[in-house]
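Student: In terms of the working numbering, the sequence shown opens at residue 1227 and continues consecutively. For each residue, glycine too, the CB sits at the ideal point set by N, CA and C. Note that the structure is predicted; figures quoted are calculated from it, not measured. This is the structure I want to talk about, given as structure tokens.
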Amino acid sequence: MTKKVTLSILAIVLAGCVLLSAALILVAVLIARGSTSSTTVAPTATESSIDMQMDEIQSQVQSYRGLTMTQPLSRALLSTDELKDHVINEFFADYTDENAKDDAEELSAFGLLPKDFDLHDFYVKLYSEQIAGYYDNQTKDMYVVSDEGFGGTERMTYAHEFTHVLQDQTYDMENGLKINDDYCQDHSEYCAAVTALIEGDATLSEQYWYYKYSTDQDKQQIDEFQQTYTSPVYDSAPAYMKEDFLFPYSQGLDFVSSLYKQGQWKAVDAAYQNPPVSTEQIIHPEKYPNDEPIDVTLPDLLKTLGKNWREVDRNTMGEWYTYLLLADGRDASFRLEDQTAKDASAGWGGDAYIYYTNDSNDEFAMVWKSVWDTSADKEEFWQASQTYGQDRWGDPQQQGQDSISWNTTDDGYFTMVDTGSAVLWVMAPSAEVNAQLTAALEAGN
């Protein structure tokens, strides 16, 4: 959702901390049958250089992952300060303050962020805090962040990141899998799904490495790191962002684990030839690969809006962001209960939204059309939408059997409509403009 920065494939320290305990139990179950853990001597400065340790981990990962390097890899260690400079100068070079302002205002319209939230500054701080290492799939360089040498945490991170190297050299992330800025800007739902495959694979791989190859010293250092690690920037993040940050690692791991149970690494590799296309397929692995999204199109509404308006974003919400919208709004007062939000977003069939802004007066408009697998699924979302609206804006100004409207102080005039085949959300600066947009959408329904 929105034109968020498409960063190089990253390893997130916090994801490892959160997922490690549960994932180790899962991995132990997955690989215990017919295999035993290897005993690896703990490396020391005199026994093995960092380069030798990296070479050893690369050999281990290639062995169990079943993929082979096809070209040389440039790799380096960075300090935390060097990483922060790199994040600012490289990752966010093309993400302007105007981009961040547009994104924050759009996320505000959907109830996820305060309108004046400094998204650019927060992204820089967040990624500077959270990145443990990364593989840059554009420059083909590997970086491991380490201020204190190459201990257990760095070694496990390297197993994760080297898995990305193998993925890229085998499947070509940028061109083959289309994980690039241009494609992902217009196909965020597809890219969220494929990123979950990529990160879920790498997360399962790092846990596999931990179970099979980590030393007692590695385990002790990782345990100590987990016990002492703090993340003040992440802890201060908006509710939806915390969940979204972990999605490719947590839900991605669940998705890839379901593939592994079916056919081990060969089944995971097969998914790259037929990648998932929606977050629905990631959340519900049983829906992969046959349950594909319904294509939803929206008309160009700029003529309806008039002069000085521009289209900021046109994309797909998907099941994941539908859930986040209902469950993790910027204010706890309009967050639905977690299970209610999950139930309401399940059964998602497809959607499309457009966000517009008027730079001459800072007005904005939003339209969102969603379709559902069954009439019961649509009805469940329709009921949850009304509850969400009442929690967010209070008593509606108008309410009928198939439509409900609010005249809000901060968000303009907001209408929800059950068309019979779809649910519409329409936000506009006035009741008149809202009615015009709604009519245009219904005419094309």
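How big is the Cα-Cα spacing for Phe1336 and Leu1551?
Tutor: Here residue 1336 refers to the residue found at position 110 of the sequence shown. Here residue 1551 refers to the residue found at position 325 of the sequence shown. Computed Cα separation, rounded: 7 Å.
Student: State the Cα-Cα distance for the pair Phe1607 and Thr1583, rounded to the nearest angstrom.
Tutor: Residue mapping note: residue 1607 aligns to position 381 of the sequence shown, counting from 1. Residue mapping note: residue 1583 aligns to position 357 of the sequence shown, counting from 1. Distance between the alpha carbons of Phe1607 and Thr1583: 27 Å.
Student: For Glu1400, name the three-state secondary structure that DSSP assigns.
Tutor: Position 174 of the sequence shown holds residue 1400. If DSSP states are grouped into helix, strand and coil, Glu1400 belongs with coil.
Student: If the criterion is Cβ atoms closer than 8 Å, does the pair Glu1512 and Ile1580 meet it?
Tutor: Here the question's residue 1512 lines up with position 286 in the sequence shown. Here the question's residue 1580 lines up with position 354 in the sequence shown. Their beta carbons are not under 8 Å apart, which means Glu1512 does not touch Ile1580 by this criterion.
Student: Where does the unbroken beta strand (DSSP E) through Ser1596 begin, and where does it stop?
Tutor: What you label residue 1596 is simply residue 370 of the sequence shown in a count that begins at 1. Unbroken beta strand (DSSP E) run through Ser1596: 1589-1598.
Student: Since Val1676 sits in a beta bridge, which residues does DSSP pair it with?
Tutor: Coverage of the chain is limited to positions 1227 through 1671, which leaves residue 1676 absent and any answer about it impossible.
Student: Helix, strand or coil: which one does DSSP assign to Glu1537?
Tutor: Within the sequence shown, residue 1537 is the residue found at index 311, counting from 1. It is a strand residue.
Student: Measuring straight from C-alpha to C-alpha, what distance separates Trp1598 and Tyr1439?
Tutor: For the purposes of this step, residue 1598 is taken as residue 372 along the sequence shown, with counting starting at 1. For the purposes of this step, residue 1439 is taken as residue 213 along the sequence shown, with counting starting at 1. About 46 Å.
Student: Counting only runs of 4+ residues fully inside the stretch 1440-1513, write out the alpha helix (DSSP H) ranges in chain order.
Tutor: Fully enclosed alpha helix (DSSP H) runs of 4 or longer: 1442-1454, 1458-1461, 1465-1499, 1505-1509.
Student: Find the nearest neighbour of Asp1588 within the set Thr1306, Phe1318, Asn1315, Lys1327, judged by alpha-carbon distance.
Tutor: In the sequence shown, residue 1588 corresponds to position 362, counting from 1. Cα-wise, what sits closest to Asp1588 is Lys1327.
Student: When the distance is taken between beta carbons, is Tyr1475 closer than 8 Å to Glu1425?
Tutor: Numbered from its first residue, the sequence shown carries residue 1425 at position 199. Numbered from its first residue, the sequence shown carries residue 1475 at position 249. In contact: Glu1425 and Tyr1475 (Cβ atoms closer than 8 Å).
Student: Based on DSSP bridge pairs, tell me the residues matched to Asp1577.
Tutor: For the purposes of this step, residue 1577 is taken as the residue at position 351 of the sequence shown. Asp1577 is bridged to Ser1596.
Student: What three-state label does DSSP hand Ser1354 in the structure shown?
Tutor: Numbered from its first residue, the sequence shown carries residue 1354 at position 128. Correct three-state label for Ser1354: helix.
Student: If you drop the 5 nearest sequence neighbours on each side, which residues of the same chain put their C-beta closer than 7 Å to that of Gln1662?
Tutor: For the purposes of this step, residue 1662 is taken as the residue at position 436 of the sequence shown. Excluding residues within five positions, the ones whose Cβ falls inside 7 Å are Thr1530.
Student: Closest to Thr1396 by CA distance: which of Arg1618, Thr1566, Gln1499 is it?
Tutor: Here residue 1396 is taken as the residue at index 170 of the sequence shown, counted from 1. Checked all of Arg1618, Thr1566, Gln1499; the closest Cα to Thr1396 is Gln1499.
Student: Check the DSSP bridge columns for Gln1624 and list the partner residues they point to.
Tutor: Working through the sequence shown from its first residue, we reach residue 1624 at position 398. Partner(s): Ser1631.
Student: Does the stretch 1306-1314 touch the stretch 1401-1411, meaning 3 or more C-beta pairs lie closer than 8 Å?
Tutor: Too few Cβ pairs lie closer than 8 Å, so no.
Student: From the DSSP output, in three-state form, read off Ala1657 for me.
Tutor: Here residue 1657 corresponds to residue number 431 of the sequence shown, with the count starting at 1. Here Ala1657 sits in helix by DSSP.
Student: Relative to the C-alpha of Leu1479, which residue among Glu1545, Tyr1455, Gln1433 is closest?
Tutor: As a working note, residue 1479 is residue 253 in the sequence shown. Nearest C-alpha to Leu1479: Gln1433.
Student: When DSSP builds the beta bridges, which residues end up paired with Arg1301?
Tutor: Start at 1 with the first residue of the sequence shown, and residue 1301 comes out as number 75. Met1368, per the DSSP bridge assignment.
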